[in-house]
Amino acid sequence: MNRLQVELPGLSLKNPIMPASGCFGFGREYSRLYDLNILGAIMIKATTPKPRLGNPLPRVAETEAGMLNSIGLQNPGLDKVMEEELPWLEKHCSVPIIANVAGFSEEDYVEVAGKISTAPNVRAIELNISCPNVKTGGIAFGTQPEVAHNLIRKVKKVSRVPVYVKLSPNVTNIVDIAKAVEAGGADGLTMINTLIGMKLDLKTAKPILANKTGGLSGPAIKPVAIRMIYEVSQQVSIPIIGMGGICCAEDVIEFLYAGASAVAIGSANFADPYICPSIIDRLPGLLDELGFNHITECIGRSWKTQ
Amino acid sequence: MNRLQVELPGLSLKNPIMPASGCFGFGREYSRLYDLNILGAIMIKATTPKPRLGNPLPRVAETEAGMLNSIGLQNPGLDKVMEEELPWLEKHCSVPIIANVAGFSEEDYVEVAGKISTAPNVRAIELNISCPNVKTGGIAFGTQPEVAHNLIRKVKKVSRVPVYVKLSPNVTNIVDIAKAVEAGGADGLTMINTLIGMKLDLKTAKPILANKTGGLSGPAIKPVAIRMIYEVSQQVSIPIIGMGGICCAEDVIEFLYAGASAVAIGSANFADPYICPSIIDRLPGLLDELGFNHITECIGRSWKTQ
Amino acid sequence: MIQKEMCTITNHQQIASNIFEMTLQGDIVLLMDEPGQFVHLKVSEGIDPLLRRPISISSVNKESRQFTIIYRVQGRGTALLSKKRTGDVVDVLGPLGNGFPLDETGPNETALLVGGGIGIPPLYELSCRLVSKGIKVVHVLGFASKDAVFYEEKFMKLGTTYIATADGSYGRKGLVTDVIETEGISFDTLYACGPIPMLKALEDKFPDKKVFISMEERMCCGIGACYACVCHTKFDKEGSSYKKVCSDGPVFRAGEVIL
Amino acid sequence: MIQKEMCTITNHQQIASNIFEMTLQGDIVLLMDEPGQFVHLKVSEGIDPLLRRPISISSVNKESRQFTIIYRVQGRGTALLSKKRTGDVVDVLGPLGNGFPLDETGPNETALLVGGGIGIPPLYELSCRLVSKGIKVVHVLGFASKDAVFYEEKFMKLGTTYIATADGSYGRKGLVTDVIETEGISFDTLYACGPIPMLKALEDKFPDKKVFISMEERMCCGIGACYACVCHTKFDKEGSSYKKVCSDGPVFRAGEVIL
Ligand SMILES: Cc1cc2nc3c(=O)[nH]c(=O)nc-3n(C[C@H](O)[C@H](O)[C@H](O)COP(=O)(O)OP(=O)(O)OC[C@H]3O[C@@H](n4cnc5c(N)ncnc54)[C@H](O)[C@@H]3O)c2cc1C
Ligand SMILES: Cc1cc2nc3c(=O)[nH]c(=O)nc-3n(C[C@H](O)[C@H](O)[C@H](O)COP(=O)(O)OP(=O)(O)OC[C@H]3O[C@@H](n4cnc5c(N)ncnc54)[C@H](O)[C@@H]3O)c2cc1C
Ligand SMILES: Cc1cc2nc3c(=O)[nH]c(=O)nc-3n(C[C@H](O)[C@H](O)[C@H](O)COP(=O)(O)O)c2cc1C
Ligand SMILES: Cc1cc2nc3c(=O)[nH]c(=O)nc-3n(C[C@H](O)[C@H](O)[C@H](O)COP(=O)(O)O)c2cc1C
Ligand code: FES
Ligand code: FES
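Protein chains in written order, with my numbering: chain A, 340 to 645; chain B, 340 to 645; chain C, 376 to 634; chain D, 376 to 634.
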């Protein structure tokens, strides 16, 4: 028995650990550091129909226990991802790929989802309706339940693989959005994307990021992520892939307790590029210490009656 | 000329530094550590019509660069605040007092605001429509623009002093709320209150706080506060008292740059009970280093054209 | 009076499994008058961790301007503290709270001091002070297991000392209350510090005695301003009357607060 | 190959106002082949600060498995680094990026090395390597003022060295470009590292020469995965073609990227 095995729609995960979208490119760079096959899955960088250069620099700023980014969905575009990145990944690892799908209109999402879901190693798509760093699209789809609902229905029609929807924490009522997304046919949720934040330069008085605002990630946002996953997991019946500030195996367990079924690691890759393998190594020992046989016993334990 | 002097509705501040509500009680305890007269003002603990014991313990949990609290508006009640706390403050210091007014219904707010604004040292009230730690009232008033608007109109009718409204960051659109509050007649805004968060215990799998969720404060939330103040200050014409993670004089300047006219210091008092006096001491030197004559030159500098 | 001072570490050593003894020097010591008071420590510069850590004062030497704390490495804060070296400085706020009353026990009377785990440290200064007033002291100290035992000899020098371990690996097996019972220890005043179940058992067992207990709660300010550490009083279980562990306690008369 | 290693500090000293020189030991040194590469340092355990700090490798000694970095205390990260003592360990990721090409200058040709402030460190290893290939080197080093000057003698041992300070408190007053002009320095290849305006001025001044520049950008991953440090290419100003400073650079041929 593999104590770390988790089964989710479209995803048979040998462990619940995967790098978060945007923090791991398309896998090539980290493959120079370790064998990608040890991962549970890989969430690749957002893909849009056309290539995108993203926002002007500076695009990142450090904050207390966190960081801001305003990359702005830079990516080589759907064609190149289909022709180069995904085949490269297929050749170099057999791990399920979750394709992060972004856009500026319903048509964009539908186009990318329809095509990218035909790639043999893409086992699920992650619909990014929560990017705070682009002016149109992105987060605009993720803050209005009805808009999100309609988008998901359309995407579900074209996608050949299960659709996970990435939620924005920048909302008054996350449960409303989650329910609308579930009703729209989503197979799972991923949460949370970044909180919108800003940092000013002491000398110039101006925002450090050229885009002014950016998305706040890292340990600073972990309590918000835990709270939202705790609330949403009790109100929907589709599984959640949790993220937001995870830095160690103990954090992974906290996310599972809250109600996530698997987790993604974002900013922590920057502090320690070997963070995913270290966490995977540590999990069995931690399960022993906590008295669990199987990692799935942790899921939702904060609110489930035992 | 006092380089730190700031004039706000009802408040003539000899410096823009004040302790935030809930982190300084009613001033008695800190008066054992330093002379309260050095402060710009004091925001006292939330006051409700009747005494409140607050939420069960544990009520606080530490998080990365932040903390969660679920005190739950514990306070001795309006009568005792009027008869004991405010007179004590009047006797021991001549600093303007900002009374934090909380409640569970419109009537509660109106009752407390009407009475407390008659106290001679209460120069402004801070309407707390953003407490995340009580089941009814509190944040419920702070997330719906119309509800907030109506409440403020009623409170404005009874208050003898200017009314500042404390905004919750747990909303999709902070500018909408701020505009509704301004239209309702608010004289100023205070922002931000805490983000809703949660922390789970690794051993029990349950929330550490007895109240389950709590309000996240401290440096972790600073980028969110800066972003919201930056956005709101450009859209309203009433002044803002900023707060959220301020730990040093540099942070104060960042809040002023963003658009705040004065600031409040909350959680940092716990790390260093002398934080307010240290910041006040440091400000003139910092103004020199940055080349400002007067602190008001910093206000809104991130977006004002110079 | 409360003071904040950067105190210098003059001694720091591990004295049992996960248990460290640290001696600090500074003028703040001159303010330390009541055994049972605590200090609030910032274990690192900066924001990680953000909050101070409350630790009891376990002994005080005004002449050398030194005081000692004994702490268990529990989480991140105490782990960081344990890495400090002699000569480093620590940011100390204190002394905080109200200690054990010394005048509740008369000369020639017997005081029973009962401690569990890291509740034991403040009893050491208390015992020294009681003994110097001519009071007879008996100690019953409970530990998890043999490797957690500390200060046995120091307490033995002051009075009869019984050690109990939960797993029986040292001293008597069982709880401190078992020891008091089987040994038939008689006393005039009881001073206790340790886990809540232990305090509760003692309160229940000796309803007619003078019993003083020291409480622990999660704290922020440590000085009574933030309402983090509030507990109900027995007198008013549901109402708005309350005590703050940090400033009204940590020592209370048994029955004063609800455990 | 890239490696992560806890390297031990074998030497650490202040060499100018706010400027520190640190020597680290570890097997990672065996991978350091190109002058101009950098390491990505975690300056503290834990989350404060969260991100690594990119610092150029300024000299390498494979025999003793040691390399040296020179850094200026800028903000919190470098301030924490400056407090480390000999014997402490530092978490090093590296070597990262592509360095200066050595084969673009032939033997008996002249290389001009121009550095500004903390852009100077990587030029030291570069100069050593060029000299060992029989290339003649000339250095023009710009500093803010006299108290910021470092490594003057070390560079002088390798070749003619001009120092310029912005305030004229030492060497020539003015910019490095002024010095090159007034001294009429001739050269075959130019290698530069320093502030963007300096790099721009050099690019503009010598459009027909072989010029290599080293760039700085805010970084997260340091290995090319996060798109934090992307810059446009001259070839495609608005389009989607780009270079990553961390993995395609930090050294670029002049004209390759938009400054
Ligand atoms: C009045 C008082 C006196 C104390 N005296 C001692 C002593 O002499 N020796 C000793 O070893 N311990 C003592 N404690 C307990 C000590 O404060 C905690 O063990 C310590 O705060 C744990 O910090 P940490 O960072 O290692 O653990 P973490 O679990 O990482 O701490 C996280 C947060 O929870 C708080 N916390 C965790 N456990 C406790 C606890 N038991 N009590 C209060 N807050 C807690 C921490 O202060 C911190 O804010 C005392 C507590 C109080 C209230
Ligand atoms: C390839 C490369 C090589 C470098 N080599 C050297 C060197 O040899 N010696 C040296 O002194 N400095 C060098 N720097 C600059 C050095 O990285 C920054 O001075 C340092 O990161 C500042 O960190 P801090 O915490 O002290 O400052 P803070 O201002 O507190 O840093 C906040 C954040 O901004 C980033 N940051 C701030 N300034 C810079 C900068 N100039 N470049 C990149 N990121 C920055 C930090 O990395 C951090 O993420 C190099 C930078 C790069 C990109
Ligand atoms: C540099 C950077 C780039 C990101 N790019 C994307 C992206 O392209 N698509 C997306 O859905 N999320 C993106 N995110 C958000 C992360 O996937 C993740 O949701 C968030 O960072 C919270 O997790 P963390 O705290 O572990 O970083 C990005 C985050 C960072 C830091
Ligand atoms: C322990 C605690 C109690 C608080 N109580 C109140 C309160 O009674 N009324 C209120 O408006 N805000 C209350 N707050 C919120 C603070 O006033 C402030 O808005 C928030 O903590 C953000 O500032 P900080 O990061 O500097 O702490 C409380 C915060 C803390 C930490
Ligand atoms: S810790 Fe703040 S009141 Fe006790
Ligand atoms: S720092 Fe991540 S791509 Fe360069």
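Where is the CB? At the ideal position from N, CA and C, for every residue including glycine.
Roughly how many whole angstroms lie between the Cα atoms of residue i and residue j?
i, j, result
"Ile-491(A)", "Glu-445(A)", "9 angstroms"
"Tyr-607(D)", "Asp-627(B)", "Looking at the sequence provided, one finds His at residue 607(D) rather than Tyr. The straight-line gap from Cα to Cα measures roughly 38 angstroms."
"Asn-467(B)", "Gly-453(B)", "15 angstroms"
"Glu-484(D)", "Pro-625(D)", "24 angstroms"
"Val-345(B)", "Ile-356(B)", "10 angstroms"
"Arg-499(A)", "Ala-463(A)", "9 angstroms"
"Val-489(D)", "Thr-385(D)", "29 angstroms"
"Val-720(B)", "Leu-417(B)", "Past the boundaries of the shown model lies residue 720(B); chain B is included only from 340 to 645, so the question cannot be answered."
"Ala-607(A)", "Thr-402(A)", "14 angstroms"
"Ile-577(B)", "Leu-350(B)", "13 angstroms"
"Asp-553(D)", "Ala-576(D)", "10 angstroms"
"Ala-588(B)", "Arg-621(B)", "6 angstroms"
"Asp-423(D)", "Ala-523(C)", "32 angstroms"
Should residue i be labelled buried (16 or more other beta-carbon atoms within 10 Å of its own) or exposed?
i, result
"Gln-413(A)", "buried"
"Gln-389(D)", "exposed"
"Thr-457(A)", "exposed"
"Ala-454(C)", "exposed"
"Gly-481(A)", "buried"
"Arg-428(C)", "buried"
"Tyr-445(C)", "Per the sequence shown, the amino acid found at residue 445(C) is Ile instead of Tyr. Burial call: buried."
For residue i, return the contacting residues in chain A, with the cut-off set at a CB-CB distance below 7 angstroms.
i, result
"Tyr-602(D)", "Gly-393, Ile-410, Gln-413"
"Leu-426(D)", "Glu-401, Met-406, Phe-609, Ala-610"
"Leu-528(B)", "Simply none; closest approach about 17 angstroms."
"Tyr-617(D)", "Leu-392"
Compute the distance between the beta-carbons of residue i and residue j, then report whether it is under 7 angstroms.
i, j, result
"Ser-572(B)", "Ile-565(B)", "no"
"Gly-583(A)", "Ile-547(A)", "no"
"Ile-604(B)", "Pro-358(B)", "yes"
"Tyr-503(A)", "Glu-465(A)", "yes"
"Leu-428(A)", "Ile-437(A)", "no"
"Ser-641(A)", "Ala-597(A)", "yes"
"Met-567(A)", "Ile-614(A)", "no"
"Leu-471(C)", "Val-418(C)", "no"
"Gln-378(D)", "Ile-403(D)", "yes"
Please list the partners that residue i has in chain C, where partner means a Cβ-to-Cβ separation under 8 angstroms.
i, result
"Asp-623(D)", "Simply none; closest approach about 34 angstroms."
"Glu-368(B)", "Cys-596, Ile-598, Gly-599, Ala-600, Ser-622"
"Ser-606(B)", "Leu-425, Cys-595"
Please compile the residues from chain B whose C-beta is within a distance smaller than 7 angstroms of the C-beta of residue i.
i, result
"Met-537(A)", "Pro-562, Ile-565, Arg-566, Tyr-569"
For residue i, which residues in chain D fall below 7 angstroms Cβ to Cβ?
i, result
"Ile-422(C)", "Asp-423"
"Gly-557(A)", "Leu-425"
For residue i, which residues in chain B fall below 9 angstroms Cβ to Cβ?
i, result
"Thr-482(A)", "Thr-511, Asn-512"
List, in chain order, every chain C residue whose beta-carbon is nearer than 7 angstroms to that of residue i.
i, result
"Phe-363(B)", "Ala-600"
Along chain D, which residues have their Cβ under 8 angstroms away from the Cβ of residue i?
i, result
"Gly-554(A)", "Per Cβ cutoff of 8 angstroms: no residues; Gly-554(A) is ~12 angstroms from chain D at best."
Could you name the residues of chain B that residue i contacts, counting a contact when the two beta carbons are closer than 8 angstroms?
i, result
"Lys-474(A)", "Simply none; closest approach about 14 angstroms."
"Glu-592(C)", "Leu-396, Pro-397"
In chain order, what are the residue ranges of uninterrupted beta strand (DSSP E) at least 3 long that sit wholly in the segment 502–550 of chain B?
502–505, 527–530, 534–536
Could you tell me which uninterrupted beta strand (DSSP E) segments, each at least 3 residues in length, are contained entirely in the segment 538–574 of chain D, listed from first to last along the chain?
564–568
Beta strand (DSSP E) runs wholly inside the segment 505–531 of chain D, at least 3 long, in chain order:
511–518
Which runs of the beta strand (DSSP E) spanning at least 3 residues fall entirely within the segment 383–450 of chain A, listed in chain order?
399–402, 405–408, 436–440
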